[in-house]
Ligand SMILES: Cc1cc2nc3c(=O)[nH]c(=O)nc-3n(C[C@H](O)[C@H](O)[C@H](O)COP(=O)(O)OP(=O)(O)OC[C@H]3O[C@@H](n4cnc5c(N)ncnc54)[C@H](O)[C@@H]3O)c2cc1C
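Written out as structure tokens, the structure reads:
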């Protein structure tokens, strides 16, 4: 493992510390984390660097330089990431550098299109934070999410895709037949076609310790990570809706027992799913159980702090792993009111849509309601939410984009 050359001084309760840690983690940059509430010497160092003020995070670099409460853009600049494009006009702009976006970029650039890919955080998307991809074809021994992402990124760069990082797309607009993509750094870029591949984020609990043990005992995908716990005594599932129940039942294939921690006093899953739980001897449901935090040893989850919201009574559980299923939110806020979405914010594409384009009444596969704007991967309504399917959609969308570019 690479030795960390950056130290982040902060505290558990500090949201900006979590954001900075997340940002460094997503860029695969090793760092030391020091909680100044547990370390008096570290607290003195922070006070000294900030003229007696206790400002966190204070991030100290190898050469002794430091940043105080930096934004992601400031951190990106310090780390030498590319945040500005060479040109203002491209054939195709891809928003999101996960498996779908990167694959589409490879296909389009390989055929000679000028492609700009804009990623707000780490390349590889959700796949990059996966400990191991066991179900992606072609890797019989599995592959780490990080290595997979690095390989796909390398391939995209090989074909000349221009990639921006730590740049958030905030708004889309059309002007004079071109698409305008507005970014968080106040810039905007034009293109003939746009692919939205911004994925979805698993909703998190936002409790202390959660960020620290993601991938090391805390997971968000049972299909993906359940098999790592084959033979485990107990797995905990947090949530009481359909996905928590279905995924919990799936996890009984691996663990001797699955305990569902449900905040309310009933399951909100479908009747059929609830009946399956009632019939399973391997599932226990604990109602009125909220999660207050996670603790671990040697960077691995060891315990979950719980609380009964009715009685106030607190408790602790010690499972092999915790799977959080409290819903998924698509990353589509930037396209609200412009691109047609389902009631949950996932983007509608293809045959469900009728076009305003004079030349066509039917949208191309993966095309949205706006001619020339496409969507692929987890962000798309009815997508399968797996790496292999995101890669497939990215490739297929690029074929539709090619057709669009030929005809417009
Ligand atoms: C912990 C975990 C484990 C998983 N394990 C597996 C597994 O083992 N096997 C499997 O097949 N699947 C697994 N999955 C699911 C899989 O990772 C996803 O289905 C896949 O990554 C979806 O790819 P995508 O490109 O559509 O979206 P994402 O991977 O979500 O990528 C979207 C990208 O868009 C970026 N973005 C979002 N909004 C903006 C914006 N406004 N501006 C710029 N960029 C933006 C995001 O930062 C992100 O990098 C796992 C998911 C998680 C969370």
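Residue numbers (the numbering used here): 1 to 408. Glycine is no exception: its CB is placed at the ideal position from the N, C-alpha and C atoms. Keep in mind it's a predicted model, so treat the numbers as computed, not measured.
Given 8 angstroms as the limit, tell me if residue 194 has its C-beta closer than that to any heavy atom belonging to ligand 1.
no
What would DSSP say about residue 153, mapped onto helix, strand or coil?
helix
Can residue 23 and residue 121 be called in contact, C-beta distance under 9 angstroms?
yes
Can you tell me which of the three DSSP states residue 107 falls into?
helix
Which partner residues of residue 35 appear in the DSSP bridge assignment?
10
Relative to the C-alpha of residue 378, which residue among 201, 114, 28, 137 is closest?
201
State the Cα-Cα distance for the pair residue 54 and residue 12, rounded to the nearest angstrom.
14 angstroms
Report the option in 194, 287, 247 whose CA atom is closest to the CA atom of residue 394.
194
Could you check if residue 173 belongs to the surroundings of ligand 2, using beta carbon to heavy atom distance under 8 angstroms?
Summarising the ligand content, the structure contains ligand 1 and does not contain ligand 2.
Which first and last residues belong to the beta strand (DSSP E) in which residue 223 is found?
That residue, residue 223, is in no beta strand (DSSP E); its alpha helix (DSSP H) goes 222-225.
From 15, 287, 364, 146, pick the residue whose C-alpha is nearest to that of residue 407; which is it?
364
Throw me the rounded Cβ distance for the residue 238 and residue 267 pair, which I believe falls under 8 angstroms.
Not a contact, Cβ separation roughly 13 angstroms.
Whole angstroms is fine: what's the gap from residue 60's alpha carbon to residue 390's?
37 angstroms
Using a 10 Å radius around the Cβ and a threshold of 16 neighbouring Cβ atoms, would you call residue 253 buried or exposed?
Burial call: exposed.
Tell me whether residue 62 sits in a helix, a strand or coil according to DSSP, three-state version.
coil
Along the beta strand (DSSP E) that carries residue 330, what are the first and last residues, could you check?
328-330
According to DSSP, is residue 307 helix, strand or coil?
strand
If we require 3 or more residues per run, which beta strand (DSSP E) segments fall completely within the region 158-205?
If we require 3 residues or more, the beta strand (DSSP E) runs fully inside the region 158-205 come out as 162-164, 169-175, 178-183, 188-196, 200-202.
Beta-carbon proximity list for residue 219, same chain, < 7 angstroms, skipping 5 on both sides:
225, 321, 323
Distance check for residue 76 and residue 14, CA to CA, integer angstroms please.
20 angstroms
Closer than 8 angstroms is the cut-off here; do at least three beta carbon pairs connect the region 173-186 with the region 293-309?
no
I'd like to confirm something about residue 189: is its beta-carbon nearer than 8 angstroms to some heavy atom of ligand 1, or not?
no
Among 66, 92, 62, whose alpha-carbon lies nearest the alpha-carbon of residue 47?
66
Strictly by DSSP, which residues pair up with residue 284?
Beta-bridge pairing links residue 284 to 259.
Need the endpoints of the beta strand (DSSP E) that residue 316 sits in, please.
314-317 is the extent of the beta strand (DSSP E) around residue 316.
For residue 367, which residues does DSSP report across the bridge?
374
Limits of the beta strand (DSSP E) - the one that residue 117 falls within
115-118
Given this structure, state the Cα-to-Cα distance separating residue 262 from residue 287, to the nearest angstrom.
5 angstroms
Give a yes or no on whether the C-beta atoms belonging to residue 101 and residue 216 are separated by under 9 angstroms.
no
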